[in-house]
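Inspection log for the structure reproduced underneath, given as structure tokens.
Numbering (the numbering used here), first residue to last: 1 to 955.
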């Protein structure tokens, strides 16, 4: 008898998944307590589906069937169910079989598999998700192949198998289709899985951002509080769908002009999205009502969850379980809300007062509500429009990964801006970001660094922030340090084409400002031309002609215009804006940025409409404060969240007119910056991103080396770990060398020298000249402490050096000296690979000694590395010129170094048991290289969530 509380119950097989239509389901092992659910499920399946499952009419399950389908040993016989709420919507089971097709036990590695999906849920991708999960279970239990018998007319099930991407065989026998699937993941099966994941997660976000109807639960009759504010914002921003207010004490048909109900169940129409703004202790009741009514998604504004302590964190986890049990998705809790400016939607389900942001091409995601307010204010103040906005609060369910999946295929979003306090799944994030960055820029600011804010329960990472930044840049992500830079870079990317290279023309009416811009370009690695000084007498026509010439020149890839106020104030700034726009229109294709000094009116004139978004017709913004780029008042106290303390926070209220405003932000904006450094940083990031896009057109490949013996390495690791326990095992020098040799990595041998005589015998065996080194942990790799003697050509040299070492540093049993053959001189480098619990395997490279240790000059790439990754890795450190003939020295064999990196990448990718490798030093000569020392750590393999079946995170 196995139940969820039984120790033998495989709880780690439980998972929440997103289905093809964006809804969710839970997949879990079937237990003996599921008999009633199984019978109820079977009664709802059509006769046709039953016929396809059993190849004969089978109207009901017998008691024997129920017993067999609910009693499993979870090794040779396994059953999984997909559930919504407490009901089964699909089942899958496998039975291990032998070569004769009869029931068998291990080591038999084949199993018969069969599915059944409730008719009402067919077409949602239930069977595909079940196949992924039952396949992972089978591999865990030593099963390598699935066999299935399918009637020829059952096209849907045949398609589930044939579309899975596994290697398969197909035959027609005895009136049925016989399929055999090899369960080893392939590039095709992984691609299929990830494509399904993308479509499902994007659809789940699309359902949240484009609902046909919205209900706000927790609207006070007095008009105060978060619920009432959210209702007004939806109403006044022009939501195109049906809007409902829910208040259990409602006594009128209308609240704030919106149809009101005492309970969600009283609404006699579908509700797609519910905004919940009740105290935390009442949220479960509201969620249950939403689930029973068929609501597709929730935005929970209520506070009192993970951010409030341990009890709140338990409440948050239970909230996620409850929401997913009904097949819904959740933004929040403690969320600020969502906005979708699409004309056919007009959704402002947030605490941002109307009017909603204007329509634009920027997508914005934040985890922090306060930062969301700041970013919305900054973007709107500078005339930028949004396509969508999500502020996820504690992001207990929907995260930045889900939003990236949506933006990837969203034609309304050209630039993705993200403020992230945590990366819940860095490996998945970098994978999604790389794919998205290949078609549109992804700009990320990380706010919390190594600190995890309250309410965010994510796996920890041991990687330094600089390493995370390097991995993000490898994926094409534009990493910035502040929210100001996030806006600066986003504005340029949303309004200007990508530069073709780093050559920058600078022109303006101030020589000093031009020189500042020139210096800033040099600091960012750009190639600026000598600034063109138009003098303070320049007119708008002077600017137009100069800018047109700069844009027309084949010597320039981008142009930065610098402007200071005219002393006589006779030149209208609207005329200058028009002149700049005319020049750009006449020579499109290159980005232009403007640096100004106290010219707020010029900034407004360069914005899409000449006025701040939301301002009434003919209105002009008020005077700007020093250093600002236009006026944007912050007004309107943010109502306290249910259960939250008063904080005095404010929300952006919009700069003007009453009523909804959702005009499309037109093209032609020239981004303006109040400081040269800010404009240059934005241009530089666009240059680097453009270079990445061009290089990423060929992402490279993972080479296949014929001399790699993967099977032998696996067998050796299995033997080493057989009695290793659950900890990490550091291999001996001999074992490490043998393991690396299976992947073509040769470690130069060393011979122990406990006495001078032993040293002499070792040198004779290896051949002179030799090196004498100490290997004590406190002296290892510390040549600066005098523990290494090189180029010892004779026995006399060796004995003298041995005596010097022991006299200077200690007894031989303390120093652990060894003798090693000399290798050709070259550049000493360090190659490492580590397994991070959140990011996965990371490959690192740097020069040995001070360069990498003290200055942090180390580069990183995710595993598996391609040939392009390896080439970029060795070239991305600041000390890379030492490898390529610096100051007349001979260039070293970088091709051999790249091959070493790729072989090590293959080793740790093929064998997750290898949790850490350090090759130090690796001496790279003009021809070939030598690995002088290797440290290898192994452990039982951690779960590879990136290669497993699709599943939602569970924190």
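Each residue gets a CB set at the ideal place from its N, CA and C atoms; glycine is no exception.
Just so you know, these numbers come straight off a predicted model, no measurement behind them.
If I measure Cβ to Cβ from residue i and keep anything under 7 Å in the same chain, skipping five residues before and after, which residues do I get?
| i | result |
| --- | --- |
| residue 748 | 820, 821, 823, 930, 931 and 932 |
| residue 240 | 344, 345 and 346 |
| residue 269 | 213 and 242 |
| residue 874 | 845, 880, 883, 894, 897 and 898 |
| residue 928 | 893 and 896 |
| residue 17 | 24, 25, 27, 129, 950, 951 and 952 |
| residue 658 | For residue 658, the predicted structure reports a pLDDT of 33, less than 50, and the residue's modelled location is therefore unreliable. The matter cannot be settled from this model. |
| residue 707 | 744 |
| residue 705 | 744 and 903 |
| residue 470 | 859 and 860 |
Check each candidate in the options and name the one with the smallest Cα separation from residue i.
| i | options | result |
| --- | --- | --- |
| residue 802 | 499, 417 and 755 | 755 |
| residue 935 | 342, 177, 766 and 731 | 731 |
| residue 133 | 27, 180, 186 and 415 | 27 |
| residue 694 | 868, 429 and 422 | 868 |
| residue 918 | 830, 908 and 911 | 830 |
| residue 401 | 420, 117, 384 and 231 | 420 |
| residue 948 | 14, 72 and 834 | 14 |
| residue 753 | 767, 926, 812 and 705 | 812 |
| residue 495 | 686, 108 and 88 | 686 |
| residue 504 | 558, 235 and 840 | 558 |
| residue 849 | 910, 818 and 921 | 921 |
| residue 93 | 75, 288 and 327 | 75 |
| residue 338 | 827, 285, 208 and 155 | 208 |
| residue 491 | 679, 907 and 954 | 679 |
| residue 799 | 415, 47, 764 and 227 | 764 |
| residue 836 | 826, 888, 914 and 825 | 914 |
| residue 477 | 233, 435 and 768 | 435 |
| residue 773 | 332, 809, 794 and 767 | 809 |
| residue 907 | 254, 834 and 29 | 834 |
| residue 146 | 155, 135 and 818 | 135 |
| residue 295 | 327, 277, 444 and 365 | 327 |
According to the Cβ coordinates, are residue i and residue j closer than 8 Å?
| i | j | result |
| --- | --- | --- |
| residue 128 | residue 64 | no |
| residue 340 | residue 210 | yes |
| residue 247 | residue 219 | yes |
| residue 263 | residue 289 | yes |
| residue 53 | residue 116 | yes |
| residue 714 | residue 911 | yes |
| residue 379 | residue 487 | yes |
| residue 592 | residue 670 | yes |
| residue 206 | residue 22 | yes |
| residue 114 | residue 96 | no |
Can you name the residues that DSSP bridges to residue i?
| i | result |
| --- | --- |
| residue 179 | 148 and 170 |
| residue 503 | 527 |
| residue 418 | 365 and 444 |
Excluding the 5 residues flanking residue i on each side, which residues of the same chain have their C-beta closer than 6 Å to its C-beta?
| i | result |
| --- | --- |
| residue 542 | 534 |
| residue 20 | 124, 125 and 200 |
| residue 273 | 211, 214 and 297 |
| residue 826 | 892, 923, 924 and 925 |
| residue 864 | 702, 905 and 909 |
Residues in its own chain within less than 8 Å of residue i by CB, not counting five upstream and five downstream?
| i | result |
| --- | --- |
| residue 544 | 579, 580, 582 and 583 |
| residue 257 | 235 |
| residue 409 | 198 and 202 |
At the 8 Å Cβ level, is residue i part of the contact set with chain C, yes or no?
| i | result |
| --- | --- |
| residue 323 | Going by chain labels, chain C is absent from the structure shown, which holds only one protein chain. |
Handout entry: Contact between the region 683-696 and the region 492-505 (3+ Cβ pairs under 8 Å)
Key = Enough Cβ pairs lie closer than 8 Å, so yes.
Exercise for the section: Assess, as a yes-or-no matter, whether the region 902-921 is touched by the region 735-748 under the definition of 3 or more beta carbon pairs within less than 8 Å. Expected result: Under the three-pair Cβ rule at 8 Å, the region 735-748 counts as touching the region 902-921.
Practice task
Decide if the region 556-563 is in contact with the region 504-523; the criterion is three or more beta carbon pairs, one per stretch, under 8 Å apart.
Solution key: Using a Cβ-Cβ distance cut-off of 8 Å, the region 556-563 and the region 504-523 are in contact, since at least three pairs of beta carbons, one from each stretch, lie closer than that value.
Exercise for the section: Decide if the region 60-76 is in contact with the region 33-42; the criterion is three or more beta carbon pairs, one per stretch, under 8 Å apart. Expected result: Because the criterion of three Cβ pairs below 8 Å is met, the region 60-76 and the region 33-42 touch.
Practice task
Check whether the region 463-483 touches the region 392-409, counting contact only when three or more Cβ pairs, one atom from each stretch, lie closer than 8 Å.
Solution key: The region 463-483, when compared against the region 392-409, does not touch it at the 8 Å Cβ threshold.
Handout entry: the region 321-335 in contact with the region 353-364 per 3-pair CB rule at 8 Å
Key = No contact exists between the region 321-335 and the region 353-364.
Handout entry: Inter-stretch contact (C-beta, 8 Å, three-pair minimum) for the region 147-166 and the region 181-188
Key = The answer is yes - the region 181-188 touches the region 147-166, with three or more Cβ pairs under 8 Å.
Problem - At least 3 beta-carbon pairs within less than 8 Å: the region 114-122 vs the region 75-91 - result: Yes, since at least three Cβ pairs between the region 114-122 and the region 75-91 fall closer than 8 Å, the two stretches touch.
Practice task
Would you check if there are 3 or more beta carbon pairs closer than 8 Å linking the region 721-739 to the region 786-795?
Solution key: Flag = no, the region 721-739 and the region 786-795 do not touch.
Problem - the region 517-533 contacting the region 701-716, beta-carbon criterion three pairs below 8 Å - result: Contact between the region 517-533 and the region 701-716 is absent, because fewer than three Cβ pairs lie under 8 Å.
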